[in-house]
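In the numbering used here, the protein residues as written are 84 to 333. Positions of the beta carbon are idealized from the N, C-alpha and C atoms, including for glycine. Taking it in order: structure first as structure tokens, then the write-up.
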Amino acid sequence: LCALIPGEGVIEVRDTVDNYTLATRTDVGGNVGGPLRFGPEGKLLAAGIGNHVHWELMVWDWKGNQILKKGLRGVNRSSDFHPEGEGFVIGTSENTIRFFDRDGVGEGTLLEVSGQPLIVRYSADGNYLAVSFAEGGIVIIDIVAKTRAVLSERDGTTSLAWAPHGRSIVVGGADGSVTVLDRSSGKIAFDVEVHTDAVDQVAWSYDGQFIASGSEDGVVRLWDSRHGESLCKFSGWAHNLAFSRDGRSL
């Protein structure tokens, strides 16, 4: 599957093998912002609707052609799906995080936070949530223990992704940096500034060996996740980055 934005206010879901359209939504009521995110079962799709001043988060059940949730103010990357398909989470501009079940019913379970969430990401096991804020800083929320810990005080986080084992997080910065942090201690495993513009996309391979970063400088880089060694680079504007499960494709 892939999700496309073929025109203003339009979202398409396409079959990438046979190259035909599975579903189209033309009534989203604004510009569609990326990255678009599928839920783990491929049934749900999250997107940001609006402009650079005002964003609303939308979750679309494209198979049933039903919008489950729309209207919560946030930014286009402040949503994520539980990795086991148990629901989804949305960070809002009202300094709250809302947890919803898979049907998106009601207002969700409310969690107040100390700033506006810019990016929210579940760990692979669904037990932790990493949150970066517009005011700066990254917090790790232990969902099971209901505790919070500051991972970093850094400003300018533009992307983040969990390692598959859940012990580390890679962070892309507005200054072109790519940084790997230990989840428990916040210790920096490596920190490099090779990109010449903001790093809008980062991804970790499923086997944990590689990290990919995509920047507004028009370069995508592949890294050794253990040592921070740059393995290769190529030109391209990366609106989304994702590794295949066998780690052979990006």
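Environment of residue i [buried if 16+ CB atoms lie within 10 Å]
i: Tyr289; result: exposed
i: Leu193; result: exposed
i: Ile271; result: exposed
i: Pro200; result: buried
i: Arg328; result: exposed
i: Lys152; result: buried
i: Asp184; result: exposed
i: Ser167; result: What sits at residue 167 in the sequence shown is Glu, not Ser. When all chains shown are included, Glu167 counts as exposed.
i: Ser313; result: exposed
i: Gly191; result: buried
i: Val172; result: buried
i: Glu139; result: buried
i: Asp283; result: buried
i: Val188; result: exposed
i: Arg204; result: buried
i: Trp287; result: buried
i: His322; result: exposed
i: Gly256; result: buried
Endpoints, the beta strand (DSSP E) within which residue i is located
i: Ala213; result: Tyr211 to Phe216
i: Gln292; result: Gln292 -> no beta strand (DSSP E), and no H or E assigned at all.
i: Asp283; result: Val282 to Trp287
i: Gly239; result: Gly239 -> no beta strand (DSSP E), and no H or E assigned at all.
i: Trp306; result: Val302 to Asp307
i: Thr104; result: Tyr103 to Arg108
i: Ile271; result: Ile271 to Glu276
i: Ala129; result: Leu127 to Gly133
i: Val93; result: Careful: Val93 lies outside any beta strand (DSSP E) and carries neither H nor E.
i: Ile346; result: Given a span of 84 to 333 for the chain in the structure shown, any question on residue 346 remains unanswerable.
i: Leu140; result: Trp138 to Asp144
i: Thr99; result: Neither: Thr99 is in no beta strand (DSSP E) and is coded neither H nor E.
i: Arg329; result: Sequence check: residue 329 is Asp here, not Arg. Where Asp329 is concerned, there is no enclosing beta strand (DSSP E), given that its DSSP letter is neither H nor E.
i: Ile224; result: Ile221 to Asp225
i: Lys316; result: Ser313 to Ser318
i: Thr262; result: Ser260 to Asp265
i: Leu84; result: Element bounds for Leu84: n/a, residue is neither H nor E.
Nearest to residue i (by Cα), restricted to the options the options
i: Asn114; options: Gly133, Glu177, Val302 and Ala272; result: Gly133
i: Asp238; options: Ser206, Ser268 and Ile202; result: Ile202
i: Gly330; options: Leu305, Gly319 and Trp320; result: Leu305
i: Ser267; options: Val142, Leu333 and Ile221; result: Ile221
i: Ser235; options: Val254, Glu169 and Val302; result: Val254
i: Val196; options: Lys229, Glu91, Gly187 and Gly301; result: Lys229
i: Pro89; options: Leu119, Asp101 and Pro247; result: Leu119
i: Val303; options: Gln292, Arg309 and Leu333; result: Leu333
i: His45; options: Ser318, Ser215, Ala325 and Val214; result: This structure does not reach residue 45, given that the chain is present from 84 up to 333, and the question cannot be answered.
i: Trp145; options: Gly291, Gly256 and Val93; result: Val93
i: Thr99; options: Ser260, Arg181 and Cys85; result: Cys85
i: Arg309; options: Lys126, Leu243, Ile252 and Asn102; result: Ile252
i: Ala232; options: Ala213, Ser296 and Val261; result: Ala213
i: Gly301; options: Gly269, Gly259, Phe293 and Ile294; result: Gly259
i: Ile223; options: Gly125, Val96 and Leu264; result: Leu264
i: Phe164; options: Phe121, Met141 and Leu155; result: Phe121
i: Phe216; options: Thr175, Gly297 and Val227; result: Thr175
query: Would you say the region 97-110 touches the region 158-177, given that touching needs at least three Cβ pairs under 8 Å?
result: no
query: Which whole runs of the beta strand (DSSP E) in the region 160-209 are 3 residues long or more, in chain order?
result: 162-164, 170-175, 179-184, 192-195 and 200-205
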